[in-house]
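So the sequences go chain by chain: A and B.
The numbering of the first sequence is numbering that gives the first Met the number 0, which starts it at 0 and goes up by one.
The numbering of the second sequence is numbering that gives the first Met the number 0, which starts it at 0 and goes up by one.
Each residue gets a CB set at the ideal place from its N, CA and C atoms; glycine is no exception.
Presented below is the structure to which this report refers.
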Amino acid sequence: MSNRNEILIIDDEPQMRKLLEITLSSNGYSVKQAADAKEGLIHAANHPPSLILLDLGLPDEDGQSVLQKLREWYTSPVLIVSVQNSEESIIRALDNGANDYLVKPFRTGELLARIRSALRDQTGFENSPTMQFGNLQIDFSMRQLRKNGELVKLTVTEYGLISVFARNEGKVLTHQYLLREVWGPGYLNQTQYLRVYIAQLRKKIETDPNRPVYIVTESGIGYRFLAPE
Amino acid sequence: MLRPVSKTAQLLYSTILITLISLICWFLSPVAGYRVVAFILLVTVSLVSLGVDILPGLWAAFLTALIWDFFFIPPRFTLQVGATEDLILLLMYFVVATTSAIFTYRIRKMEKKSRERQEKEHTLKLYNTLFNSLSHELRTPIAAIIAATDNLQQSRNLTPENKYELISEIAKASFRLNRQVDNLLSMSRLEAGFIHPAADWCDITELLYHTVQQLEELQGPQRISINVNPSIPLCRIDRGLLEQVLTNLLINAITHGHSPASVDITAACHADLLEIVIDDNGPGFDPKDIAKAFDPFFRAQHSKTGGTGLGLSIVKGFVESMHGRVHLENRQGGGSSFTIAIPVETSYLKNLKNE
Numbered sequence: 000m001s002n003r004n005e006i007l008i009i010d011d012e013p014q015m016r017k018l019l020e021i022t023l024s025s026n027g028y029s030v031k032q033a034a035d036a037k038e039g040l041i042h043a044a045n046h047p048p049s050l051i052l053l054d055l056g057l058p059d060e061d062g063q064s065v066l067q068k069l070r071e072w073y074t075s076p077v078l079i080v081s082v083q084n085s086e087e088s089i090i091r092a093l094d095n096g097a098n099d100y101l102v103k104p105f106r107t108g109e110l111l112a113r114i115r116s117a118l119r120d121q122t123g124f125e126n127s128p129t130m131q132f133g134n135l136q137i138d139f140s141m142r143q144l145r146k147n148g149e150l151v152k153l154t155v156t157e158y159g160l161i162s163v164f165a166r167n168e169g170k171v172l173t174h175q176y177l178l179r180e181v182w183g184p185g186y187l188n189q190t191q192y193l194r195v196y197i198a199q200l201r202k203k204i205e206t207d208p209n210r211p212v213y214i215v216t217e218s219g220i221g222y223r224f225l226a227p228e
Numbered sequence: 000m001l002r003p004v005s006k007t008a009q010l011l012y013s014t015i016l017i018t019l020i021s022l023i024c025w026f027l028s029p030v031a032g033y034r035v036v037a038f039i040l041l042v043t044v045s046l047v048s049l050g051v052d053i054l055p056g057l058w059a060a061f062l063t064a065l066i067w068d069f070f071f072i073p074p075r076f077t078l079q080v081g082a083t084e085d086l087i088l089l090l091m092y093f094v095v096a097t098t099s100a101i102f103t104y105r106i107r108k109m110e111k112k113s114r115e116r117q118e119k120e121h122t123l124k125l126y127n128t129l130f131n132s133l134s135h136e137l138r139t140p141i142a143a144i145i146a147a148t149d150n151l152q153q154s155r156n157l158t159p160e161n162k163y164e165l166i167s168e169i170a171k172a173s174f175r176l177n178r179q180v181d182n183l184l185s186m187s188r189l190e191a192g193f194i195h196p197a198a199d200w201c202d203i204t205e206l207l208y209h210t211v212q213q214l215e216e217l218q219g220p221q222r223i224s225i226n227v228n229p230s231i232p233l234c235r236i237d238r239g240l241l242e243q244v245l246t247n248l249l250i251n252a253i254t255h256g257h258s259p260a261s262v263d264i265t266a267a268c269h270a271d272l273l274e275i276v277i278d279d280n281g282p283g284f285d286p287k288d289i290a291k292a293f294d295p296f297f298r299a300q301h302s303k304t305g306g307t308g309l310g311l312s313i314v315k316g317f318v319e320s321m322h323g324r325v326h327l328e329n330r331q332g333g334g335s336s337f338t339i340a341i342p343v344e345t346s347y348l349k350n351l352k353n354e
């Protein structure tokens, strides 16, 4: 079993580890550190933490391959924290099984929110028939969406999209992932469908579709569904 | 001048020219005498050697000497020289032609050197601007961070307000530093030719609002109005690059606008050409600066501080990497207006109601 609330930081920069440790321990997490891939993999195997913060630029091994090795057996969340901000490396890390990706420099508030949301993922409450996000309520058994208690008329695809979002609240979902989940593997290049349906869905659920708070865009990567506080 | 021509061509041209002049002299010599011919040929050689390299110059000297001796100095059609004066004249002639060829060659070499030196000085000046601009833009925020942290570590009598202010100075400086580094990285990616746009379908309305929202998260609320027709088609474009282009233009507009800065963004797509116009309420550009505005490290005189002088050159580089154009003009009522026009594939797939 993984140790509840224990976070393992795998990063070769001592300054970065120090700052992360202060931030995380002052927010109630216990923190373990590793300065390279080898140490990190050994530590993760001996004392599986509840979450791993992984840097991609490690001295002894490429972070992407560390991620792949971890994912052979480690099922708890892995968050990438890296200076690499290219869309390719972010999408690759997400495809390799990272739960989320933060580009350095990042805001502390953002980091804590991502950690909270990643840890919440594991509780498995998507089994309940209804879920509430701000003013939105989804009923999975009836396949219905209500906004402020009122039924929102959705097409089959729109419902498919919102239910994938709801099951992955707080998590970044790539274009490819959404297309595969909602349309099927034959539609991976049809990003224009995605654009059209996201716009339609925003018109139905957002107060101001131009300033969305539920479905936010991750430029070049995909979308993230958020529940307003 | 024959300068950019190859050596063989120079040899050929000078031979033809000398032959022609000699031919004219041939008909002239019964009237003018062979000594006048010598001077005409000498002038020809001097003129030729002005325009050609040293080897063709020497060849011209040798050829005319030979022609003069063979065809003009009596006895004709022999290389014999009858009179002693003629021998001396021939030698003189040869020396003058050779030295003039060598001299013009040397002068030209010196000219080239001084031109190279000027170019070097120009590059050096550009580098100095670069270093001045960079050291200012990087050192200022670093100085602010160091001063603020020293204060926080050493001064015991700081009020909570002082502390809060110092900490927000550190935050401001780090964001500024981050933006400079981003700009420098973009610039070096551009210069190394690492920008390969990856086009994908993009909702332009969404992109514009998103870009403004991102900017406001960093810089606080702004007076930016977005005018876009709701029926604008989806465009295939590299969203990341376009976002950076717009962000740089917006930051430029906000920084140079009259306070409070107000900015208008207008987007439209006509026949597969996406056009986005950004108007500000700043002082506009001095007409003589408009052409230079997109040069790296160019900064208008009396402009406010806070830019690297890289923002607009990145805009130009990114837009051109997407085969687009960027255009700057002053607005009639004051302020400047930037237009970017990028060719795109479009899709009017908008309504898929019943799926």
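Which residues DSSP lists as bridging residue i, in chain order
i      : result
A:K31  : A:L7
B:S336 : B:D278 and B:E328
B:N226 : B:T265
A:I214 : A:F224
A:G56  : A:D61
A:M130 : A:I137
A:V171 : A:R223
B:L123 : Its beta-bridge partners do not exist; DSSP assigns none.
A:Y100 : A:I79
Whole-angstrom distance between residue j and residue i, CA atom to CA atom
i      : j      : result
A:A231 : B:H322 : This structure does not reach residue 231 of chain A, given that chain A is present from 0 up to 228, and the question cannot be answered.
A:V151 : A:R142 : 11 angstroms
B:I356 : B:L40  : Given a span of 0 to 354 for chain B in the structure shown, any question on residue 356 of chain B remains unanswerable.
B:T204 : A:G56  : 36 angstroms
A:D10  : A:Q63  : 13 angstroms
B:R107 : B:S48  : 11 angstroms
B:T7   : B:S13  : 10 angstroms
A:G27  : A:I21  : 10 angstroms
A:D54  : A:D207 : 37 angstroms
B:G316 : B:R324 : 10 angstroms
A:N95  : A:R70  : 8 angstroms
A:M15  : A:Y196 : 40 angstroms
B:P73  : B:W67  : 10 angstroms
B:L129 : B:A198 : 33 angstroms
B:A266 : B:I250 : 18 angstroms
A:L52  : A:N98  : 10 angstroms
A:A92  : A:L78  : 9 angstroms
A:I204 : B:T122 : 57 angstroms
B:I313 : A:M130 : 46 angstroms
Buried or exposed by the 16-neighbour rule on C-beta atoms within 10 Å, applied to residue i
i      : result
A:P211 : buried
B:D285 : exposed
B:V180 : exposed
A:V171 : buried
B:E344 : exposed
B:G32  : exposed
A:G185 : exposed
B:Q331 : exposed
B:V42  : exposed
B:A96  : buried
B:N131 : exposed
B:S134 : exposed
B:R116 : exposed
Any C-beta of chain C under 7 angstroms from that of residue i
i      : result
A:P227 : Chain labels in this structure do not include chain C; the protein chains are A and B.
Amino acids of chain A, ordered along the chain, whose beta-carbon sits closer than 7 angstroms to that of residue i
i      : result
B:Q212 : R210
B:D202 : R194 and A198
Chain A residues whose Cβ lies nearer than 8 angstroms to that of residue i
i      : result
B:N177 : P104
B:Y208 : N209 and R210
B:L348 : Q191, Y192 and V195
Neighbour list for residue i in chain B, Cβ cutoff strictly below 8 angstroms
i      : result
A:T216 : E205 and H209
Chain B contact residues for residue i, given Cβ-Cβ distances below 9 angstroms
i      : result
A:G219 : A197, D199, D237, R238, G239 and E242
Amino acids of chain B, ordered along the chain, whose beta-carbon sits closer than 7 angstroms to that of residue i
i     : result
A:E86 : G239
Item to check | Residues in the region 231-244 of chain B having any Cβ partner in chain A nearer than 9 angstroms | outcome: L233, R235, D237, R238, G239 and E242
Next on the checklist: To be precise: take each residue of the region 189-204 of chain A, compare its Cβ to all Cβ atoms of chain B, and keep it if any distance is under 9 angstroms. Which residues remain?
Outcome noted: Q189, T190, Q191, Y192, L193, R194, V195, Y196, I197, A198, Q199 and R201
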